[in-house]
């Protein structure tokens with residue numbers, strides 16, 4: 001027989017009030033409370049708390065307080081991650097985030113779902129679906145990513161989007177519901193490389 005935690009992580013109906021899950025949730029609440037009360041003079045301590053909170057994380061991880069999550073131990077993050085203020089990750093299932101991913105303020109990732117039938121929902125049973133975000137992704141502020149979503153590599157999500165379907169690699173997507181606006185082109189790359197090179201030249205010649 002599966003435990004409630006095993007049921008949760010496999011996407012089956014489960015009860016969040018289970019003792020093991022309550023223990024994991026309490027640990028996350030303690031760690032996020034400590035994290036959210038740190039100062040700018042405690043950056044090393046912030047990093048230590050995030051390492052303890054997440055299942056795994058790469059190098060150069062920066063999260064602006066306040067930050068909230070349900071468990072933390074179901075979140076894996078690659079290198080060079082930045083999350084602006086008020087990030088929320090409801091991680092009742094796995095949340096996998098790749099390398100070079102940046103969140104604007106108030107980005108929310110929800111893996112939790114609830115039965116449509118009121119009688120079943122009122123028993124407090126719920127379920128989850130994992131979320132995966134690839135490499136080189138920028139997600140604009142106030143974006144909501146819903147359960148079961150996969151976002152590819154080299155993607156820009158416009159601010160205020162509600163992502164209800166998978167987003168392929170190499171696109172700009174925006175809206176509620178979030179839809180692909182267009183692909184990211186060679187011309188885009190050339191334009192921004194030119195801007196970058198001009199910036200470097202200016203800095204060298206200041």
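Numbering (full-length UniProt numbering), first residue to last: 1 to 206.
Quick reminder that beta carbons are idealized off the backbone N, C-alpha and C, glycines included.
Would you give the residue range spanned by the beta strand (DSSP E) that residue i belongs to?
| i | result |
| --- | --- |
| residue 81 | 81–83 |
| residue 96 | 95–97 |
| residue 67 | 67–69 |
| residue 108 | 108–110 |
| residue 173 | 171–174 |
| residue 120 | Looking at the DSSP string, residue 120 is not in any beta strand (DSSP E); the run it does join, the alpha helix (DSSP H), is 118–121. |
Decide if residue i is buried, meaning its Cβ has at least 16 other Cβ atoms within 10 Å, or exposed.
| i | result |
| --- | --- |
| residue 44 | exposed |
| residue 57 | buried |
| residue 74 | buried |
| residue 25 | buried |
| residue 37 | exposed |
Start and end of the alpha helix (DSSP H) containing residue i?
| i | result |
| --- | --- |
| residue 103 | Note, residue 103: premise wrong, no alpha helix (DSSP H); beta strand (DSSP E) at 101–103. |
Are residue i and residue j closer than 7 Å when you measure CB to CB?
| i | j | result |
| --- | --- | --- |
| residue 159 | residue 141 | yes |
| residue 111 | residue 90 | yes |
| residue 150 | residue 132 | yes |
| residue 93 | residue 103 | no |
| residue 49 | residue 67 | no |
| residue 153 | residue 175 | no |
Below 8 Å on the Cβ atoms is my contact criterion, and I expect residue i with residue j to pass it. Report the Cβ-Cβ distance as a whole number of Å.
| i | j | result |
| --- | --- | --- |
| residue 265 | residue 11 | This structure cannot settle anything about residue 265, because the visible part of the chain is limited to 1 through 206. |
| residue 169 | residue 155 | 7 Å |
| residue 125 | residue 13 | 5 Å |
Considering only DSSP beta bridges, list what residue i is partnered with.
| i | result |
| --- | --- |
| residue 196 | Paired residues: none, contrary to the question. |
| residue 45 | According to DSSP, residue 45 bridges with nothing at all. |
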